[in-house]
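These notes concern the structure reproduced below.
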Amino acid sequence: MSVEVRAADTPAQPAPPPSPIVRAHSHNDYEHQRPLLDALDHGFCSVEADVFLVGTNLLVAHARAQISPERTLAKLYLDPLRERARQYGGRIYPGGPPIWLFIDLKTEAEATYNRLHGILAGYPNLFTRFEGDRAVTNAVTVIISGNRPRALMEAQKARYATLDGRAPDLDAPAATNLIHVVSDQWSKFFKWRGSGAMPENELALLKTMVNKAHARGYLLRLWAAPDNHATWKTQFDAGVDLINTDNHAGLREFLTGATRP
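Listed below in structure tokens is the structure:
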């Protein structure tokens with residue numbers, strides 16, 4: 001007796017992940033409905049989480065008043081990233097590039113970083129490792145922002161993170177095993193908010209910052225930039241490497257060319 005198998009009886013296969021968008025950065029990613037997952041569903045290759053050290057836990061929140069004990073860094077970010085890497089052969093997107101995980105330390109720099117270092121060590125082969133001048137690239141490269149323990153990180157023989165540089169690093173000798181990305185606040189340098197053309201002197205400064213970063217082997221990111229098409233396009237055309245947004249769908253459409261003039 002034959003049994004007819006109908007299409008409806010066959011379990012639906014999960015949709016493949018979207019193609020990675022290497023220049024898309026999810027600003028304050030944890031404020032989205034599905035932290036990390038919403039960004040990955042749009043192909044983002046850079047996400048940002050703010051953390052507070054509370055006891056021995058690293059809790060994800062923008063402000064201390066928003067801290068909730070169940071929102072741990074491991075639960076929202078590290079464990080899901082490990083599962084994705086297991087699923088896709090050691091990458092977050094199948095055959096894709098490493099992604100950036102910015103971790104903004106909101107509490108005292110050294111204590112918070114030391115706890116983070118111990119936690120990251122518990123995820124073998126997930127995070128890029130730095131040993132002296134040698135880097136072993138893995139699925140996720142962690143960047144320490146916020147309260148940054150620069151001297152401590154420089155002194156480490158082995159670590160699982162790099163330092164988020166600042167604008168003064170663009171005029172200092174390259175430190176490419178300590179810094180991979182230089183980030184700074186848009187409004188410190190630019191008054192333009194996306195209306196009309198960017199003033200020539202500001203555009204020249206933006207391009208100079210990009211050129212200095214690239215000459216030292218760094219990527220450039222500007223946080224709190226106006227989150228609109230005009231500013232995205234200006235950054236894109238100038239060569240800014242990581243474009244900040246709270247609008248996942250809009251930036252993905254722009255960077256894939258669907259809405260880019």
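Numbering (my numbering), first residue to last: 1 to 261. Idealized CB from N, CA, C, for every residue including glycine.
{"Item": "Minimum C-alpha distance to Y55 - residue among T72, A49, S46", "Value": "One point to set straight first is that residue 55 is Gly, not Tyr, in the sequence displayed. Closest by alpha carbon: T72."}
{"Item": "Limits of the alpha helix (DSSP H) - the one that F190 falls within", "Value": "Unbroken run through F190: none, as it is neither H nor E."}
{"Item": "Secondary structure of E48, DSSP reduced to three states", "Value": "strand"}
{"Item": "Three-state class that DSSP yields for V240 in the structure shown", "Value": "coil"}
{"Item": "Nearest neighbour of P80, chosen from L126, P69, S19 [CA to CA]", "Value": "L126"}
{"Item": "Inter-residue spacing [alpha-carbon to alpha-carbon] between V240 and L251", "Value": "14 Å"}
{"Item": "Extent of the continuous alpha helix (DSSP H) to which E253 belongs", "Value": "248 to 255"}
{"Item": "CA nearest to the CA of A15, picked from S187, Y218, P94", "Value": "P94"}
{"Item": "Through-space distance from L37 to L255, alpha-carbon basis", "Value": "19 Å"}
{"Item": "With 16 other Cβ atoms within 10 Å as the buried cut-off, status of P35", "Value": "buried"}
{"Item": "I144 beta carbon near the ligand FMN (any heavy atom closer than 7 Å)", "Value": "Among the components of this structure there are no ligands whatsoever, and the ligand FMN is therefore not found."}
{"Item": "Residue range of the alpha helix (DSSP H) that includes H214", "Value": "200 to 215"}
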